[in-house]
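Have a look at the structure below before the remarks.
Residue numbers (the working numbering): 957 to 2070.
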């Protein structure tokens, strides 16, 4: 970390003035105190903590029947290991190669993975976070499959060349024992059998190994005899095979949708050939059967479970067949892989399957096989695998959410959840995957909330306080709008297509996505006010614990733009739901581009709303013709009762209490305030400095007014400072006005038109960042006021002062605004973030009020008034290239910054920036286009962290979902189905916090006992000594064939083993001492026994001596 910070210091040019003893020309002209950074660079460590959601593009599945845990492999090399509800773990291969096959070391707490890059990896599951122990790479052969017998340490590995190698999983060394392809085929055969597609051991005789080749050749190999015992030649290519528990029969699946049953007594031809789904009516061939399992049951015929084999028009479904006629289709979705949960891990016993776990491309299904229902009975999956039910379009993360709010969210949704569960008719059996140990919940654990917006207009609230997500509440914004006839037809068509081909996970229609997709979410957790923005609408929700009848008001906001301007700022970030041929769906393009969307109509009027978030106001953005600029940013202040909506060229302020539009502004209008107006080309203009007082004069007829700029000398202004200019009065429309007046005034709001070009001839400016605050709004002024800070794409910062009515007048009097001009101009690219800090460097949140249970939606607020404050404030402004901190109030037009830092190199820019609170101190978190994640202290901008996070840059579509939160934490959509959680601050127990364990001590079930007659007449051979067969006696394999690598888990195992060796030595010494003490105790016990016996003999003789004498004769 120290070396990284030194490198960062060389590249980071930081100029600190007041914070390190410099001077700032402020009002009083005194030296400002030094602010000491409380955050240290050693406290910042970047870590991937948890990953939520269903694995994207899953490839394989495995199950440990003793530990009762499940493992899923994915195309990107990730592994997801699942136990009981609440026990999940995610690990990632370094190579990111696709996982081909997974095998558990049953009841050993280990997992073997086979990847597409010909690596075999061994994972240790006995620790809190699974770690890679060893890896073995094959250099000259491509691996295809593998098999590990129960309670064995020798792994069989098949290759594309048709060879089978044996690997010792303890030492991860290759054995000299090899089954070559030329020993498998007949002597007269000259063709290659093809790759090995299947390897399995005989459940009764461990000496026999079943090998299947792609060409159709299936052999039973004798390990001890090193020769083929039985050879079967199938007419069709073989895909998979499976032994019956008696070890005398096996079944093969083929590429033409057939199953062939073979008996070892007659290997010349199959005993039976089955075509489960028959032939297609149109003469098309059936799909291949990709996997088959033949499971014996205690009563009845064996069960055949296989995937595929359906007609060409259907999908790769899962079918259950018992006997030759009873066929039951369990799943119509496309099946990637499946595994059965059997009653015993021993293959020679009757398996009696209880359930089957089915892996599809988009979900995990578990079917109850003990159910007597004629239809397939599914079980409810307790994992958080439904994040991607509708594609995620945006995220929000609140790491410090009030606990009572979280409990209220869960209580409002619990009743509806129970009702849905009763309607589904799911299985009543207990969840079969019950492995692992749940982590202990911490008493003072934080309540963390993740909010996801989706393309269908839904918003989901997730509790992320533990290693797994829990869905607390779901909100549907599409219910707010009327459903037009065209949309209804499109929805019906989509419903029909989904019902006929649900497993294709077809994207929603363009109408649904453009209309209802959620682009932004803002939540004030203190006031429980929620803003949900789509492409052309913003909905305001208020939280309530009871059912209420509320009126929903629609407010049209005309955010104007010039469709003829081509210089609108563009963004290089693609949407996370853009269709790239990966099953993703389309969402609105970049926020600065115009899109064509259908018109939505809000359901206005009184409606009864269920407990939870209840809509009160819907702001609609009418389109100009058929085009509209999508909304780009918004801000909320629950204390002011005002929201800000912007689409880039223009901005609107909306009063959420009175449900009226306050004003419309544009970046060009705000720029004109600080620039001198020119009436003609030859007119002499007087330059106006930033912050010059502006007054607004009403026209005599009340139709409007104009701005007047005070151009008096600076000395005169310094002697007698003019009073604060009054806010502009809104222009009201008169019934008798002409058409021009009607176009200029709509609903009593003065309309503003944005200029087509900048005054300097460059591209037009646009709004990129907004933030509500209560701070200094003018230069050389100690008065703080409610205001809105506006940052633009050209690096300008404007301040809009809000004049809020007081007390009861807040619900009747209008909110007035005035733009005071620029207080600072970083001029270093687009403004990404603006944050206000107090004099000690503590971050100010947006002004809010606290929610009360019995408070109405129009509750009275004590509006913040303009007041005098003698303490300073700071404003931290981060642009695309640098970060600057200014001291407020500023002293002149171009104030010097309190501190500044250049954050990127020449060819890079910042993509994300946010100021957060960490352990009571403030810091700035940034991500640049080179994949560097930076952390700087505030307000001194001292470097705290500079780490490489190139994995965040692999897909630019997901960058817009990156959200920083308190405690230096973040979440990002790492795949269309998964959310990755990140931590930049080292907290004690960060990796094991609330995380359970996958391994638990379990006894291995005893093998099935054989009856007397079966043992008497059994012809089974003696047990196979694999150690003698595959060990040193087999010779050594070629060193160039494989390479062995140690993983990070090996060092921990060595440390653990060395510690265990010491413990064992101490225990041995203690046992020796205990044995010596026991020996001494035995000797003493023997001596006491002899003495006791002598004493008993003497007593007996004495009793005999005085037996016949009286007492007086003694």
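A virtual CB, placed ideally from N, CA and C, is assigned to each residue, including glycine. Please read all numbers here as calculations on a predicted model, not as lab measurements.
Worksheet item: Could you give the C-beta distance for residue 1607 and residue 1723, rounded to a whole number, given that I count them as a contact under 8 Å?
Response: Residue numbering aside, residue 1607 sits at position 651 when the chain shown is read from its first letter. Residue numbering aside, residue 1723 sits at position 767 when the chain shown is read from its first letter. That belief holds up - the Cβ atoms of residue 1607 and residue 1723 are roughly 5 Å apart, short of 8 Å.
Discussion item. Please state the DSSP three-state secondary structure of residue 1208.
Written reply: Mapped onto the chain shown, residue 1208 falls at position 252. Three-state DSSP puts residue 1208 in a strand.
Worksheet item: Going by DSSP, which residues form a beta bridge with residue 1565?
Response: Your numbering for residue 1565 matches position 609 in the chain shown. Paired residue(s): 1504.
Item to complete: Measure how close the beta-carbons of residue 944 and residue 1324 come, nearest whole angstrom, since I'm counting them as under 8 Å.
Response: Within the shown structure, residues of the chain are numbered from 957 to 2070, placing residue 944 beyond reach of any answer.
Worksheet item: DSSP on residue 1137, reduced to helix/strand/coil?
Response: Locating residue 1137 in the chain shown gives position 181, where the first residue counts as 1. In this structure, residue 1137 counts as helix in the three-state DSSP scheme.
Item to complete: Pick out whichever of 1228, 1023, 1089, 1914 has its Cα sitting closest to the Cα of residue 1047.
Response: Indexing the chain shown from 1 puts residue 1047 at position 91. Residue 1089 is the option with its Cα nearest to residue 1047.
Worksheet item: By Cβ distance, which residues of its chain are closer than 6 Å to residue 949, with the 5 residues on each side in sequence left out?
Response: This structure leaves residue 949 out entirely; the chain is present only between 957 and 2070.
Discussion item. Tell me the residue span of the beta strand (DSSP E) that contains residue 1859.
Written reply: The sequence position of residue 1859 within the chain shown is 903, counting from 1. Careful: residue 1859 lies outside any beta strand (DSSP E) and carries neither H nor E.
Item to complete: Give the single residue among 1898, 1335, 1347 whose Cα lies nearest to the Cα of residue 1389.
Response: Taking the first residue of the chain shown as 1, we reach residue 1389 at position 433. Taking only the C-alpha atoms, the option nearest residue 1389 is 1335.
Item to complete: Determine the direct distance from the alpha carbon of residue 2043 to that of residue 2057, and round the result to whole angstroms.
Response: Your numbering for residue 2057 matches position 1101 in the chain shown. Your numbering for residue 2043 matches position 1087 in the chain shown. Approximately 21 Å between the Cα atoms of the pair.
Discussion item. Taking the beta strand (DSSP E) that residue 1180 belongs to, which residues open and close that run?
Written reply: Locating residue 1180 in the chain shown gives position 224, counting from the first residue. Residue 1180 -> no beta strand (DSSP E), and no H or E assigned at all.
Worksheet item: Is there contact between the stretch 1031-1048 and the stretch 1068-1079, where contact requires at least three CB pairs shorter than 8 Å?
Response: yes
Discussion item. Counting beta carbon pairs with one atom in the stretch 998-1013 and one in the stretch 1926-1946, are three or more of them shorter than 8 Å?
Written reply: yes
Worksheet item: In this structure, does DSSP put residue 1571 in helix, strand or coil?
Response: Counting from 1 along the chain shown, the entry for residue 1571 is found at position 615. Note: residue 1571 maps to strand in three-state DSSP.
Worksheet item: Under 8 Å between the Cβ atoms of residue 1572 and residue 1498?
Response: Position 616 of the chain shown, counting from 1, holds the residue named residue 1572. Position 542 of the chain shown, counting from 1, holds the residue named residue 1498. Result yes, Cβ atoms of residue 1572 and residue 1498 sit closer than 8 Å.
Worksheet item: With contact counted as at least three CB pairs below 8 Å, one residue from each stretch, are the stretch 1916-1923 and the stretch 1862-1879 in contact?
Response: yes
Practice prompt. Note down, in chain order, each residue of its chain lying with its Cβ closer than 7 Å to the Cβ of residue 1613, except the 5 sequence neighbours on either side.
Written response: Taking the chain shown and counting its residues from 1, the one referred to as residue 1613 is at position 657. Hits under 7 Å: 1597, 1766, 1767, 1814.
Worksheet item: Can you pull the DSSP bridge partners for residue 1720?
Response: Counted from its first residue, the chain shown places residue 1720 at position 764. DSSP output for residue 1720 lists no bridge partner at all.
Fill in: residue 937 versus residue 1787: straight-line alpha-carbon distance, rounded
The displayed coordinates of the chain run from 957 to 2070. Any statement about residue 937 would go beyond what the structure contains.
Worksheet item: Residue ranges of each beta strand (DSSP E) run of no fewer than 3 residues wholly in the stretch 1734-1777, ordered along the chain?
Response: 1739-1748, 1753-1759
Worksheet item: How many angstroms separate the CA atom of residue 1507 from the CA atom of residue 1562?
Response: On the chain shown, position 551 is the one that residue 1507 refers to. On the chain shown, position 606 is the one that residue 1562 refers to. For residue 1507 and residue 1562, the distance between alpha carbons rounds to 4 Å.
Discussion item. Only counting the same chain, and skipping five residues up and downstream in sequence, which positions put a Cβ closer than 6 Å to that of residue 1804?
Written reply: For the purposes of this step, residue 1804 is taken as residue 848 along the chain shown, with counting starting at 1. Closer than 6 Å at Cβ, skipping near neighbours: 1480, 1482, 1483, 1594, 1595.
Worksheet item: Does the distance from the C-beta atom of residue 1264 to that of residue 1243 stay below 8 Å?
Response: Start at 1 with the first residue of the chain shown, and residue 1264 comes out as number 308. Start at 1 with the first residue of the chain shown, and residue 1243 comes out as number 287. Yes. Within cutoff.
Discussion item. Tell me which residue opens and which closes the alpha helix (DSSP H) that residue 1985 is part of.
Written reply: Reading the chain shown from its first residue, position 1029 is the one you call residue 1985. Taken as a continuous stretch (DSSP letters only), the alpha helix (DSSP H) holding residue 1985 covers 1982-1986.
Worksheet item: Considering only C-alpha positions, which residue in the set 1835, 2045, 1341, 1575 is nearest to residue 1317?
Response: The residue labelled residue 1317 in the question sits at position 361 within the chain shown. Nearest C-alpha to residue 1317: 1341.
Discussion item. I need the boundaries of the beta strand (DSSP E) containing residue 1619, first residue and last residue.
Written reply: Residue 1619 sits at position 663 when you count from the first residue of the chain shown. 1616-1622 is the extent of the beta strand (DSSP E) around residue 1619.
Discussion item. Beta-carbon within less than 7 Å of residue 1828's beta-carbon, same chain only, minus the 5 sequence neighbours each way: which residues are those?
Written reply: Start at 1 with the first residue of the chain shown, and residue 1828 comes out as number 872. Closer than 7 Å at the Cβ level, and outside the excluded window around residue 1828, lie 1795, 1843, 1844.
Discussion item. I want to know whether the stretch 1043-1062 touches the stretch 1013-1029 - three or more CB-CB distances under 8 Å.
Written reply: yes
Fill in: Proximity to residue 1350 [Cα-Cα], best of 1407, 1298, 1360, 1122
The count along the chain shown starts at 1 and reaches residue 1350 at position 394. The shortest Cα separation from residue 1350 among 1407, 1298, 1360, 1122 belongs to 1407.
Item to complete: Could you check what DSSP says for residue 1112 in three-state terms: helix, strand or coil?
Response: Within the chain shown, the letter at position 156 stands for residue 1112. Strand.
Discussion item. Would residue 1915 and residue 1866 be called neighbours here (beta carbons separated by less than 8 Å)?
Written reply: Within the chain shown, the letter at position 959 stands for residue 1915. Within the chain shown, the letter at position 910 stands for residue 1866. No, the Cβ-Cβ distance between residue 1915 and residue 1866 is not below 8 Å.
Practice prompt. With a 10 Å radius around its C-beta and 16 neighbouring C-beta atoms as the bar for buried, classify residue 1007 as buried or exposed.
Written response: Residue numbering aside, residue 1007 sits at position 51 when the chain shown is read from its first letter. Per the 10 Å Cβ criterion, buried.
Worksheet item: Is there contact here, the stretch 1583-1590 with the stretch 1740-1759, by at least three beta-carbon pairs under 8 Å?
Response: no
Practice prompt. Tell me whether residue 2065 is buried or exposed, calling it buried when 16 or more other Cβ atoms sit within 10 Å of its Cβ.
Written response: The residue given as residue 2065 occupies position 1109 in the chain shown. It is exposed - the Cβ of residue 2065 has fewer than 16 other Cβ atoms within 10 Å.
Worksheet item: In chain order, what residues of the same chain lie with their CB nearer than 6 Å to the CB of residue 1141, ignoring the 5 residues before and after it?
Response: Mapped onto the chain shown, residue 1141 falls at position 185. So the qualifying residues of the chain are 1149.
Practice prompt. Note down, one range per segment and in chain order, each alpha helix (DSSP H) of at least 4 residues found wholly within the stretch 1313-1392.
Written response: 1359-1380
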